[in-house]
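For the sequence shown, the working numbering assigns the number 8 to the initial residue and increments by one for each residue that follows.
Where is the CB? At the ideal position from N, CA and C, for every residue including glycine.
Owing to the predicted nature of the structure, the values given are computational and were not obtained by experimental measurement.
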Amino acid sequence: MENSVFHFEMEVLGSGFEHAVLNILLNDECVYTKHIEYNEVNKTRYDFKWDGFDSNGEYVSKKFNNGKLHAEFTARLDGVEHVAYTDTYNLSYKQVKWVDVAINKNNKEIDIELWVNLTDGGRSGVYPLHGLLNAFHPADEVTLTDRKKAGGKEPIMGGATKKYKELLDLALKGIERYWSRNSKNGKGIHHNGVAYQVSTTPQNRKTESMNSIPLIYNTNGERKRSGNTGDSYPDSTNLDALALIVPDGIIQNITYNVGYIKQNDRFLWRTEYDATQEFMETAAHEIGHEILQAYSGTRNSWEHKGTSTFLSQEIKPLPDGEKYPAKGEIDLMKYYHSWFDSSGNYIDEDYNRIIAAEEDVKGLIWLTKLRIKKSN
Ligand SMILES: [Zn+2]
């Protein structure tokens, strides 16, 4: 978070005033009023810094986006009122259009609305005609041995167990869960020593949203790796712009891998529960790539904050890489070198400890930064 303020300067000419009022107007609506006594004025200048919070202690970024701001200074002298106006300024989001933030400094709560564009990426490995055409059996690759190992489970064949709408709900839930730092997970963020609770609510829309990313349902085949090269942002590399040429679904996707999934040349059975947990976390991670990219650059995003290589995205070996934390927070956006603790015991993926880091949530809020231009 930056400490940015709107700075108003008034020059008081002639014989001063008895009492004055400064009204700040956003889209011609008064959002803040300041009463000024003459003895507060330093000689003939009056400086006022406004942090953007209205009289109720709230800052709502979307009210400023595409807004017009000006101030009105009314001074009274000998019973006569004199009014002066500042120039009008046009405000708009400077960094991205896909995040709005509302900060309440009285109850120390921050609500983030995140606009994503999660599309229907279709289904892979299911065969709608399977029941009618039994001869047509494309899951042949899942051998009898594989099935025996998995407790004799039949492959998912006739139709997907999750529709696009259900995958969308799960993805949004995952983003909300991992990008919030509030009483639900016992976390917060801190600014000037004050703790704030952050709740992130993702919403799906086609325009003024993040780069589109398809949600894919996958079964009876190779595990599909999710990825998000994001949109293109001005930074030290143009590879993000180049990646936009690759059609959605190849690298850019969030995949729900369920049922018989082939990993390291053998089929394993993934339950709906495991698939769901992983999918929710993956959605939050992949969406996080675009957040990191926008506020800290493509390199930081693709390198998973320094824990993976840049292009091949392999986990960086120690000592440069990071070990899976045995306790405390697990950074949603990092790749960890080792899944074993110091005694060599395997550490299960602990979804309860995974969370977007405080710095990344602050970065997301920072993205609502405004561009201020004097209106003609
Ligand atoms: Zn990643």
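Between L318 and E65, what straight-line distance do the alpha-carbon atoms span, to the nearest angstrom? In the sequence shown, residue 318 corresponds to position 311, counting from 1. In the sequence shown, residue 65 corresponds to position 58, counting from 1. One C-alpha to the other measures close to 42 Å.
Helix, strand or coil: how does DSSP classify T40 here? Locating residue 40 in the sequence shown gives position 33, counting from the first residue. Correct three-state label for T40: strand.
With DSSP as the reference, please indicate the residues paired to M17 in a beta bridge. One-based indexing of the sequence shown puts residue 17 at position 10. DSSP, once it has assigned bridges, lists Y53 as partnering M17.
Of all the options N30, L98, K330, which has the alpha carbon lying nearest to the alpha carbon of A82? For the purposes of this step, residue 82 is taken as residue 75 along the sequence shown, with counting starting at 1. Of the listed residues, the one whose Cα sits closest to A82 is N30.
My understanding is that L299 touches D242, with C-beta atoms under 8 Å, so please give their C-beta distance in whole angstroms. As a position in the sequence shown, residue 299 is number 292, starting the count at 1. As a position in the sequence shown, residue 242 is number 235, starting the count at 1. That belief does not hold up - the Cβ atoms of L299 and D242 are roughly 11 Å apart, past 8 Å.
For H306, which residues from the same chain have a beta carbon less than 7 Å from its beta carbon, with the 5 sequence-adjacent residues on both sides left out? Along the sequence shown, read from residue 1 onward, the residue named residue 306 stands at position 299. Per the sequence shown, residue 306 should be read as Arg rather than His. For R306, where only same-chain residues beyond five positions count, the Cβ hits under 7 Å are S243, T244, F317.
Exposure of L249, with buried meaning 16 or more beta-carbon neighbours within 10 Å: On the sequence shown, residue 249 is found 242 positions in, with the first residue counted as 1. With fewer than 16 neighbouring CB atoms inside 10 Å of its own CB, L249 falls in the exposed class.
Would you mind sorting E25 into buried or exposed? The rule is 16 or more other CB atoms within 10 Å of its CB. Taking the first residue of the sequence shown as position 1, residue 25 is located at position 18. Exposed is the call here.
M8 to T168 span [Cα, whole Å]: Residue numbering aside, residue 8 sits at position 1 when the sequence shown is read from its first letter. Residue numbering aside, residue 168 sits at position 161 when the sequence shown is read from its first letter. Bear in mind that a pLDDT of 40 at M8, under 50, signals an unreliable position, so the model cannot answer this.
Taking the alpha-carbon positions, what's the N10 to S233 distance? What you label residue 10 is simply residue 3 of the sequence shown in a count that begins at 1. What you label residue 233 is simply residue 226 of the sequence shown in a count that begins at 1. With a pLDDT of 47 at N10, under the threshold of 50, the modelled position of this residue cannot be trusted; read the value that follows with caution. One C-alpha to the other measures close to 37 Å.
At a cut-off of 8 Å, would you count N235 as near ligand 1, judging by its Cβ distance to the nearest heavy atom? Translated into positions along the sequence shown, residue 235 becomes position 228. Answer for N235: yes, Cβ within range of ligand 1.
Return the residue from the list F13, T262, T40, L246 that minimises the CA-CA distance to G128. Taking the sequence shown and counting its residues from 1, one reaches residue 128 at position 121. Comparing Cα-Cα distances from G128 to each of F13, T262, T40, L246, the minimum goes to T262.
Is the beta carbon of A291 sitting closer than 9 Å to the one on I379? By one-based count along the sequence shown, residue 291 stands at place 284. By one-based count along the sequence shown, residue 379 stands at place 372. No; because the gap between Cβ atoms is not below 9 Å, this pair is not in contact.
Nearest CA to the CA of E212: which residue from V123, N260, H296, P221? Mapped onto the sequence shown, residue 212 falls at position 205. Strictly speaking, residue 212 in this sequence is Arg, with Glu absent from that position. The shortest C-alpha separation from R212 is found at V123.
Presumed contact (8 Å Cβ cut-off) between Y342 and H311, rounded CB distance: Taking the first residue of the sequence shown as position 1, residue 342 is located at position 335. Taking the first residue of the sequence shown as position 1, residue 311 is located at position 304. Going by Cβ atoms, the distance from Y342 to H311 rounds to 5 Å, so yes, they are a contact pair.
Would you call the stretch 255-274 and the stretch 219-233 touching, i.e. three or more CB-CB distances under 8 Å? yes
Just to confirm, are I196 and K75 a CB contact at a threshold of 9 Å? Counted from its first residue, the sequence shown places residue 196 at position 189. Counted from its first residue, the sequence shown places residue 75 at position 68. No. Outside cutoff.
Beta carbon of V108 nearer than 9 Å to that of I372: Position 101 of the sequence shown, counted from the start, is the residue given in the question as residue 108. Position 365 of the sequence shown, counted from the start, is the residue given in the question as residue 372. Yes, these two residues count as a Cβ contact at 9 Å.
Rounded straight-line distance, which links the Cα of L32 to that of D61: Start at 1 with the first residue of the sequence shown, and residue 61 comes out as number 54. Start at 1 with the first residue of the sequence shown, and residue 32 comes out as number 25. Going from the Cα of D61 to the Cα of L32 covers about 10 Å.
According to DSSP, is E9 part of a helix, a strand, or is it coil? In the sequence shown, residue 9 corresponds to position 2, counting from 1. Note on E9: pLDDT 48, under 50, position unreliable in the model; the coordinate value appears next. E9: coil per DSSP, three-state reduction.
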